[in-house]
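Residue numbers (the working numbering), protein chains in the order written: chain A, 1 to 446; chain B, 447 to 612. Shown next, in structure tokens, is the structure this report addresses.
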Amino acid sequence: MPSQRTLIGLAGVAVIVLATAAYLLWPRSEWNQDEIATLRGLWIGSLPALAPDPSNKVADDERAVALGQQLFFDTRLSVNGKVACASCHLPEQDFQDGKPLGQGVGTTARRTMPIAGTAYSPWLFWDGRKDSLWAQALGPLESPVEHGGSRTQYAHLIDHSYRAEYEALFGSLPNLLDSTRFPAAAGPVSDPVTRAAWDQMTPEDREAVTRIYANIGKAIAAYERKITPGPSRFDQYVEALLKGDTPTMRTAVAPDEVAGLRLFVGKAGCINCHNGPLFTNNDFHNTGVPAAPGLPGDTGRAKGVQQVLADEFNCLSKFSDAAPEDCGELRFAKSDDHALERQFKPPSLRNVAERAPYMHVGQFATLREVLEHYNRAPAAPAGHSELKPLNLSEQELGQLEAFLRSLSGPLNTPPELLAPPAPSVACLGCHPGTANQLVPADPSQP
Amino acid sequence: MSTIITAGEVKATQTQPKRRTLRWIAGVAGGIVLVFAAWFGFMLYRMNYVPSDLDLSTTRLSNAGVYRVSYAPRRGSIVINQIHAWTIHVATADGQPVTDAAITVDGDMPQHGHGLPTRPQVTKHLGNGDYLVEGMKFQMGGWWVVDFTIDATGKHDTVRFNMILK
């Protein structure tokens, strides 16, 4: 039987070992150098200035921004005169609509996506089937369930209502008065009558109209490039951390939010895909999101990459202003991997708390449901999910949710761009909600 | 009959409960230490850890010793999520530039297994054993491997580069 002294000595050693372990392993609120570098990478101060878009020569032209804003809010860009881009991309709702599926002239098969910061992404849509902002804008315009229109209709609208603004940017419009050559409604759309009218046009006339159509997209893209996220409380926290301003660190975010951030960049692994100052790597991932009943099977990027490679308006197309060496993303896109099955592009998490429901058909009504999905990591309906179960506690899920809420903040966009432009003589009653308004004649117009 | 209890007997009876208590404390403390140690070891195992002996050099001899290969990003450093180009230099093991190689590129994160987000290709022979690799892109930080397969003058070999990106 060991002596009393030996036992006391052993107990003392145990206490020392325990105390050392506790000191080393107890969670602390400070960050180490590696973690600080990670946080700096997520900080909005790390967002570089928007690079020029080689495929869109008017992308940074302020006149194109003004024309694009007009077009973005113009309901005449639709078959029934009631749907504008802004009908689903509502500025006051972070440029989306808060619904599981989009409602244009019909119902879409996917969730409306937000716009802020998408100018930084090489791919647009959940499946990346467009490789520029301007090509993306052209998709909904001729979709039978979104705007439902056709490109000759839009060319005529430019001719009647936006001639001066268009020609200042893109040169003279062709003469579109001959309605046998340029019917009121013709385009490569699903409606058979409109399609037949398109097929009867000459190749030269079709190209002339398509060029006007592409330029509509380029003006809208110039406007959308201005829609970028501004700082959130998370950014205030990181800025204070980088300056060593501890009091501001304490007031910018709550302890639960810091704990959630620690999980986000640590064992929850969110930063694997939600990285960079926009909290998305703009790449494609299968996260095993459940299929929505009643909708056709959705293969995501697997089909999307085939579509972008064949897209009439991609970086390598004749309507793009880019040289082939500017088109690296398209030229080296991965298109042959079975892993692409049911991969989707994560949207930016900035302002995510304002944008329920979540995922590509709005499968999850709340942020908590999203986090519980990631925690459980169920098998994917098709393809292979990248997720592994996280085994996070209820408290940790709550902390993650709190952190995500700290990513909300105003857009870094001048307020005059966040509303319809003042109705002009050219646009009587053409903005959503302005129908039947009497508009005084603008004295500056001749 | 003597009922005197000796000092030793008194001490023995008085310290029995104390000894038991001390033994009990030592046992519990030891148990806690063991539990902590087991937990710590388990956490280390579960954490994403990278082999500590990874060769991160940018110049390597290929696997069968046929070629000496080096790479460099053309921009200077690798930035996550930005598509970019590399220059690779292929030489024989004794340093003679190899100017007519057919080269393929692949990559992965060994801990994740999802591969590169793009399909990079060698698009130009720059001369003097240098080749332009376009379409390099990494969509997250961490431990990446990039593999080159090289065929030249009838000899085939492969080389793997490790890198830890932030």
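Glycine is no exception: its CB is placed at the ideal position from the N, C-alpha and C atoms.
Beta-bridge partners of residue i, as assigned by DSSP
i, result
"N608/B", "V591/B"
"D554/B", "V591/B"
"P229/A", "L411/A"
"E580/B", "Q567/B"
"T533/B", "A518/B, L578/B"
"P357/A", "P357/A pairs with nothing; no bridge assigned."
"F344/A", "H285/A"
"R506/B", "V515/B"
"K218/A", "Beta-bridge pairing links K218/A to no other residue."
"G398/A", "Paired residues: none, contrary to the question."
"D205/A", "Its beta-bridge partners do not exist; DSSP assigns none."
"F364/A", "Y358/A"
"D603/B", "I596/B"
"I549/B", "I596/B"
"Q96/A", "L90/A"
"P543/B", "A537/B"
Within chain A, the residues that residue i reaches when beta carbons sit closer than 8 Å
i, result
"P566/B", "F332"
"I478/B", "A14, L18"
"A472/B", "L7, L10, A11, A14"
"A598/B", "Chain A residues near A598/B: none, gap ~23 Å exceeds 8 Å."
Neighbour list for residue i in chain A, Cβ cutoff strictly below 7 Å
i, result
"E563/B", "A small correction: the amino acid at residue 563/B is Pro; Glu does not occupy that position in the sequence shown. Ordered by position in chain A, the residues that pass the 7 Å Cβ test against P563/B are D283, K334."
"R466/B", "Those within 7 Å of R466/B in chain A number zero; the least Cβ separation is about 11 Å."
"R469/B", "L7"
"K612/B", "A37"
"H560/B", "A339, E386"
Buried or exposed by the 16-neighbour rule on C-beta atoms within 10 Å, applied to residue i
i, result
"N32/A", "exposed"
"P229/A", "buried"
"K612/B", "exposed"
"W470/B", "exposed"
"T599/B", "exposed"
"A109/A", "exposed"
"L263/A", "buried"
"H602/B", "exposed"
"H160/A", "exposed"
"N509/B", "exposed"
"P324/A", "exposed"
"K583/B", "buried"
"R5/A", "exposed"
"S503/B", "exposed"
"R301/A", "buried"
"Q200/A", "exposed"
"C430/A", "buried"
"L169/A", "buried"
"V474/B", "exposed"
"T152/A", "buried"
"N275/A", "buried"
"S406/A", "buried"
Per-residue contacts from residue i into chain B (C-beta, under 9 Å)
i, result
"N275/A", "I526, N527, Q585, M586, G587"
"E329/A", "I529, T564, G581, K583"
Cβ-heavy atom distance, residue i to the ligand NAD, below 7 Å
i, result
"I212/A", "The ligand NAD is absent from the structure shown, which contains no ligand whatsoever."
Per-residue contacts from residue i into chain B (C-beta, under 7 Å)
i, result
"N272/A", "M586"
"Q307/A", "By Cβ distance, chain B contributes nothing, its closest Cβ being about 17 Å from Q307/A, past 7 Å."
"Q4/A", "R465, L468"
Cβ of residue i within 8 Å of any chain D Cβ
i, result
"Q399/A", "Note that chain D does not occur in the displayed structure, where the protein chains are A and B."
Where residue i meets chain A, residues with beta-carbon distance less than 9 Å
i, result
"A548/B", "Under the 9 Å cutoff, chain A gives no residues; its nearest Cβ is about 18 Å from A548/B."
* So, do the region 295 to 312 of chain A and the region 122 to 138 of chain A have three or more beta carbon pairs nearer to each other than 8 Å? -> At 8 Å Cβ cutoff, the stretches touch.
* **contact_flag[the region 257 to 276 of chain A, the region 385 to 405 of chain A] where n(CB pairs < 8 Å) is 3 or more** => By the Cβ rule, the region 257 to 276 of chain A counts as touching the region 385 to 405 of chain A, because three or more pairs are nearer than 8 Å.
* Stretch-stretch touch, CB-based, cutoff 8 Å, three pairs: the region 367 to 378 of chain A with the region 238 to 255 of chain A -> Not touching, per the Cβ criterion.
* Please confirm if the region 308 to 319 of chain A is in contact with the region 530 to 547 of chain B, defined as three or more CB-CB distances below 8 Å between the two stretches. => No contact exists between the region 308 to 319 of chain A and the region 530 to 547 of chain B.
* To do: Give a yes or no on contact between the region 360 to 367 of chain A and the region 315 to 324 of chain A, applying the rule of three or more CB pairs nearer than 8 Å.
  => No, because fewer than three Cβ pairs between the region 360 to 367 of chain A and the region 315 to 324 of chain A fall closer than 8 Å, the two stretches do not touch.
* Given 8 Å as the limit, is there contact between the region 391 to 406 of chain A and the region 211 to 219 of chain A, that is, 3 or more CB pairs closer than that? -> A contact is defined here as three or more CB-CB pairs under 8 Å, and the region 391 to 406 of chain A fails this definition with respect to the region 211 to 219 of chain A.
* Asked: Would you call the region 4 to 23 of chain A and the region 475 to 485 of chain B in contact, with 3 or more CB pairs under 8 Å?
  -> A contact exists between the region 4 to 23 of chain A and the region 475 to 485 of chain B.
* Is the region 88 to 105 of chain A close to the region 173 to 184 of chain A, with three or more CB pairs under 8 Å? -> Contact check between the region 88 to 105 of chain A and the region 173 to 184 of chain A: fewer than three CB pairs, one atom from each, fall below 8 Å, which does not count as touching.
* What are the uninterrupted segments assigned as beta strand (DSSP E) that are 3 or more residues long and contained completely in the region 290 to 320 of chain A, given in chain order? -> Fully enclosed beta strand (DSSP E) runs of 3 or longer: not present.
* What are the complete alpha helix (DSSP H) segments, minimum 4 residues, inside the region 111 to 186 of chain A? -> Every alpha helix (DSSP H) stretch that sits fully inside the region 111 to 186 of chain A and reaches 4 residues is listed by chain position as 133 to 142, 151 to 161, 163 to 170.
* Asked: Counting pairs of beta carbons, one from the region 559 to 577 of chain B and one from the region 332 to 340 of chain A, are three or more of them closer than 8 Å?
  -> Counting Cβ pairs under 8 Å, three or more are found: they touch.
* Determine, using beta-carbon pairs with one atom in the region 205 to 212 of chain A and one in the region 106 to 126 of chain A, whether at least three such pairs fall under 8 Å. => Not touching, per the Cβ criterion.
* Are there three or more Cβ pairs, one per stretch, closer than 8 Å when the region 279 to 296 of chain A is compared with the region 345 to 353 of chain A? -> Here the region 279 to 296 of chain A makes contact with the region 345 to 353 of chain A; the two share three or more CB pairs at distances below 8 Å.
* Counting pairs of beta carbons, one from the region 74 to 92 of chain A and one from the region 135 to 151 of chain A, are three or more of them closer than 8 Å? -> Using a C-beta cut-off of 8 Å, the region 74 to 92 of chain A makes contact with the region 135 to 151 of chain A, since at least three inter-stretch Cβ pairs fall below that distance.
* Every unbroken alpha helix (DSSP H) inside the region 235 to 264 of chain A [4 residues or more] -> Taken in chain order, the whole alpha helix (DSSP H) runs of length 4 or more contained in the region 235 to 264 of chain A are 246 to 252.
* Would you say the region 547 to 555 of chain B touches the region 588 to 599 of chain B, given that touching needs at least three Cβ pairs under 8 Å? -> Contact between the region 547 to 555 of chain B and the region 588 to 599 of chain B is present, because at least three Cβ pairs lie under 8 Å.
* Hey, is the region 253 to 260 of chain A in contact with the region 399 to 416 of chain A, meaning 3+ C-beta pairs nearer than 8 Å? -> Taking a cut-off of 8 Å on C-beta distances, the region 253 to 260 of chain A touches the region 399 to 416 of chain A, as three or more cross pairs fall below it.
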